[in-house]
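**Q** Quick note: the sequence shown uses the working numbering, first residue 30, plus one each step.
Quick one: the structure is below, and I'll ask about it shortly.
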Amino acid sequence: MNKPIVAVVGRPNVGKSTFFNKICGKRISIVDDAPGVTRDRIYADAEWAGRDFTLIDTGGLDPKSSDVFQKEIAQQAEIAMEIATVIVMLVDAKSGVTLADEMLAKKLRVSKTPVVLVVNKLDRFEKADTYDFYSLGLGEPLPLSCEQSKGVGDVLDEIVKYFPTKDAQGDEDETIKIAIVGRPNVGKSSIINRLLGQKRVVVSDVEGTTRDAVMTPFKFNKKTYYLVDTAGLRRSRGVEKESVEGYSVLRTMKAIETADVVVIVFSADQKLTEQDVRIAGYVHEAGKPSVVAINKIDLFSGNRNDILKDLDRDLAFMDYYLPVFISALNGTKLGDLMPNVLKAYENASKRIKTGQLNEMLSDALLSFEPPTKSGKKAKIKYITEASTNPPTFVLFVNDPKLLNFSYLRYLENRFRERVDFSGTPIKFIVKSKEEE
Numbered sequence: 030m031n032k033p034i035v036a037v038v039g040r041p042n043v044g045k046s047t048f049f050n051k052i053c054g055k056r057i058s059i060v061d062d063a064p065g066v067t068r069d070r071i072y073a074d075a076e077w078a079g080r081d082f083t084l085i086d087t088g089g090l091d092p093k094s095s096d097v098f099q100k101e102i103a104q105q106a107e108i109a110m111e112i113a114t115v116i117v118m119l120v121d122a123k124s125g126v127t128l129a130d131e132m133l134a135k136k137l138r139v140s141k142t143p144v145v146l147v148v149n150k151l152d153r154f155e156k157a158d159t160y161d162f163y164s165l166g167l168g169e170p171l172p173l174s175c176e177q178s179k180g181v182g183d184v185l186d187e188i189v190k191y192f193p194t195k196d197a198q199g200d201e202d203e204t205i206k207i208a209i210v211g212r213p214n215v216g217k218s219s220i221i222n223r224l225l226g227q228k229r230v231v232v233s234d235v236e237g238t239t240r241d242a243v244m245t246p247f248k249f250n251k252k253t254y255y256l257v258d259t260a261g262l263r264r265s266r267g268v269e270k271e272s273v274e275g276y277s278v279l280r281t282m283k284a285i286e287t288a289d290v291v292v293i294v295f296s297a298d299q300k301l302t303e304q305d306v307r308i309a310g311y312v313h314e315a316g317k318p319s320v321v322a323i324n325k326i327d328l329f330s331g332n333r334n335d336i337l338k339d340l341d342r343d344l345a346f347m348d349y350y351l352p353v354f355i356s357a358l359n360g361t362k363l364g365d366l367m368p369n370v371l372k373a374y375e376n377a378s379k380r381i382k383t384g385q386l387n388e389m390l391s392d393a394l395l396s397f398e399p400p401t402k403s404g405k406k407a408k409i410k411y412i413t414e415a416s417t418n419p420p421t422f423v424l425f426v427n428d429p430k431l432l433n434f435s436y437l438r439y440l441e442n443r444f445r446e447r448v449d450f451s452g453t454p455i456k457f458i459v460k461s462k463e464e465e
C-alpha cells in the first residue's frame, strides 16, 4: 500500500520548514528568518491517527524574487505538487494576503489535488484573524501557531481526511511494477529499451537525461508488466548545482515506494560509489525486493568475483541481494534479468505455514538461546507471519526490550538458511505477549 504524499508550499518565510519539523518530530529542514533558506525539496515519513504518509518541504515561491535559484525552486515545488495526495498552502497571518499568495492560490484553485489552507503565526485563534484569507478561494483557513504548537492536531486531522481509504488503496492495479533506479549514466534507459525491443526512452551520454519517471507496459512470457525508468539519483551536493534532473530525486523515491520490485543498476566499469550504496539503502529501507544489475559488463576486463567482493562489503546491510551481470549495449545476459526479478518478487510474496515457522524458530532457539539482560531472560512464546512484501514476522515475547538487534539478525540468518528469501528483505516485529 502506497503512502499518501503531503506537499507543503507557500512563499518564503511563512514557516513551512518549522511546520515540517514539527510534524516529523525532528529538525530536518533548516529553519532561518532569511527567505529562501530551503531550496531543495526535503521529505520525511510521518504518522497521524494511525495513517503513515510522506511529508515534503519545498522552497519559498516568490515570482518577484531576483534569487538566481527561484526558477529551480519553482520547478521542484511544481514536482512536489504534481505528485502530492494533499497540498498544504501555508500563509503568514502577520503579513496578510500578498500578491505571491494570490498567484499561488490561483494555480492551486485549478488543481485536482485537495488543498488545505493554513494560516500560521497566529497569537490568538479568532475568526477575524483568518477572515482575509477566504479571498484566496481555497476554502476555510485553518489557524496555526507552529512556535506554540497550537492548532497542529486540527491541521493534521484535516489533512488525513483526504487520504484514500485503506480499502480504496487495496484496489490498485495488480500488474507488477518494476522500477529501474541508479545514479546517472549507468544505463537505466538502455536496459529498458533492450527489454522493450524498441527505443521508448531517451538514451544519452549526458548525465541526468531522463528527468521524469516514465511507466511503460511490456509483456514477458505472455504476461504484462510495467517498467518504470527514473531520473538518475544525484548526490545531495549535486542537487544544489543542477536544476531539473536534481529535483527529480523525489520522483525516483516515489517510484521505489510504488514499485513491486526494483532493479538497482550499477556500472561494471566504475567502482561502487557512495551514491550507489545510498540508492541501494533507499530500496532496502522501503522493504522492496530487488535485483542488482551490474551493467556495462562488456567494458569490464577484470574478474567478476572482484565486483562481487565489493558488493558483499558495501551492501552488507542487504546481503540477500541478487546480482545479474548484463550489457544493455549488446544484450549480453539480458535474458537473466526478468527471471531474477520474478524470483525476487516471488520470494517477497512467500507465506510460510505456521507449523514450519514454529519448527524454524525452535531450531534457532536450540542452537542459540535468546539473550539475558539484568538477570532476566528473553522468552519467545510464538511467531506468526503478519504480512508479505516484504515477509514480516511477529515475535511474541515476555519482554520486547530483551531482544536486541544482534539476536534478530541471527534469527534472520537462520530463517534464510531454511527458506529462499534471496532478493528480498525480511522483517521482524517484537511484541509483548499481552499485545496479541
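All C-beta atoms, glycine included, are put in the ideal place defined by N, C-alpha and C.
Whose C-beta lies closer than 6 Å to the C-beta of Ile52 among residues of the same chain, with five residues either side of it excluded?
**A** Correct list, in chain order: Ala75 and Leu84.
**Q** Relative to the C-alpha of Asn427, which candidate in Arg445, Pro419, Lys402 and Ser435 has its C-alpha closest?
**A** The residue with the shortest Cα to Cα distance from Asn427 is Lys402.
**Q** Can you tell which of Pro170, Thr417 and Asn433 has its C-alpha closest to the C-alpha of Lys408?
**A** Here the closest residue by C-alpha is Asn433.
**Q** Should Gly226 go down as buried or exposed, given a rule of 16 or more other Cβ atoms within 10 Å for buried?
**A** Under this definition Gly226 is an exposed residue.
**Q** The alpha helix (DSSP H) with Pro368 in it runs from where to where?
**A** Leu366 to Ala377 is the span of the alpha helix (DSSP H), which, as asked, contains Pro368.
**Q** The beta strand (DSSP E) that contains Glu414, what's its start and end?
**A** Ile409 to Ser416 is the extent of the beta strand (DSSP E) around Glu414.
**Q** Looking at C-alpha atoms only, which residue of Gly216, Leu358, Leu165 and Ala73 is the closest neighbour of Met118?
**A** Ranking Gly216, Leu358, Leu165 and Ala73 by Cα distance to Met118 puts Leu165 first.
**Q** Give the DSSP-derived three-state secondary structure of Asn50 in the structure shown.
**A** Reduced to three states, the DSSP call for Asn50 is helix.
**Q** Using a Cβ-Cβ cutoff of less than 6 Å, which residues in the same chain neighbour Asp365 once the five nearest sequence positions on both sides are dropped?
**A** Contacts found: Val353.
**Q** Alpha carbons only, please: which of Asp183, Thr361, Thr287 and Leu171 is nearest the one belonging to Ser219?
**A** Comparing Cα positions, the closest option is Thr361.
**Q** Can you give the Cα-Cα distance for Val448 and Ala393, rounded to whole angstroms?
**A** Going from the Cα of Val448 to the Cα of Ala393 covers about 13 Å.
**Q** Closest to Leu363 by C-alpha separation, out of Pro213, Val292 and Val37, would be which residue?
**A** Comparing Cα-Cα distances from Leu363 to each of Pro213, Val292 and Val37, the minimum goes to Val292.
**Q** For Ser219, report the span of its alpha helix (DSSP H) as first-last.
**A** Start and end: Lys217 to Leu225.
**Q** Can you tell which of Gly54, Ala357, Leu167 and Tyr160 has the C-alpha that lies nearest to the C-alpha of Asn214?
**A** The residue with the shortest Cα to Cα distance from Asn214 is Ala357.
**Q** May I ask you to report which of helix, strand or coil DSSP gives Phe444?
**A** Three-state result, Phe444: helix.
**Q** Using 10 angstroms around the beta-carbon of Glu441, count the other beta-carbons present and answer buried if the total reaches 16, otherwise exposed.
**A** Buried: at least 16 other Cβ atoms inside 10 Å.
**Q** Just tell me which of Pro170, Val43, Ile116 and Asp152 has its CA closest to the CA of Ser124.
**A** Here the closest residue by C-alpha is Val43.
**Q** Measuring alpha carbon to alpha carbon, tell me which residue in Leu256, Lys372 and Asp298 is nearest Asn222.
**A** Ranking Leu256, Lys372 and Asp298 by Cα distance to Asn222 puts Leu256 first.
**Q** With a threshold of 8 Å, establish whether the CB of Phe192 neighbours any heavy atom of the ligand MG.
**A** For the ligand MG, the structure offers nothing, since it holds no ligand at all.
**Q** Since Leu171 and Val181 should fall inside the 8 Å C-beta cutoff, what is the C-beta to C-beta distance between them, to a whole number of angstroms?
**A** Not quite, the Cβ-Cβ distance comes to about 10 Å (not below 8 Å), so this is no contact.
**Q** Are the segment 341-348 and the segment 378-395 in contact at 8 Å, needing three or more beta carbon pairs?
**A** No, the segment 341-348 does not touch the segment 378-395.
**Q** Look at the alpha carbon of Lys300 and the alpha carbon of Ala134, and state the distance between them as a whole number of angstroms.
**A** Spanning the two alpha carbons is a distance of roughly 48 Å.
**Q** Starting from the C-beta of Phe249, find all residues in its chain whose C-beta is less than 7 Å away, skip the five residues before and the five after it, and write them out in chain order.
**A** Contacts found: Met367.
**Q** For Leu424, which beta-bridge partners are listed by DSSP?
**A** Ile412 and Val459.
**Q** Within a Cβ cutoff of 6 Å, which residues of the same chain sit near Ala322, ignoring the five residues on either side of it in sequence?
**A** Answer for Ala322: Val292, Val294, Val353 and Ile355, listed in chain order.
**Q** Can you check DSSP and say which residues form a bridge with Ile112?
**A** Looking at the DSSP assignment, Ile112 forms no beta bridge with any residue, so it has no partner.
**Q** Let's test the definition: count the other Cβ atoms within 10 Å of the Cβ of Leu128 and tell me whether it reaches 16, buried, or not, exposed.
**A** Counting Cβ neighbours within 10 Å, Leu128 comes out exposed, since fewer than 16 surround it.
**Q** Val148 and Leu167 look like a contact to me (Cβ under 8 Å); what is the Cβ gap, rounded to whole Å?
**A** That belief does not hold up - the Cβ atoms of Val148 and Leu167 are roughly 11 Å apart, past 8 Å.
**Q** Identify which residue in Thr114, Met132, Leu337 and Asp152 has its Cα closest to the Cα of Pro143.
**A** Here the closest residue by C-alpha is Thr114.
**Q** For the beta strand (DSSP E) that Ser296 lies in, which residues bound it at each end?
**A** Run containing Ser296: Val290 to Ser296, per the beta strand (DSSP E) assignment.
**Q** When the Cα atoms are used, what is the spatial distance from Phe444 to Phe450?
**A** Roughly 9 Å separates the two Cα atoms.
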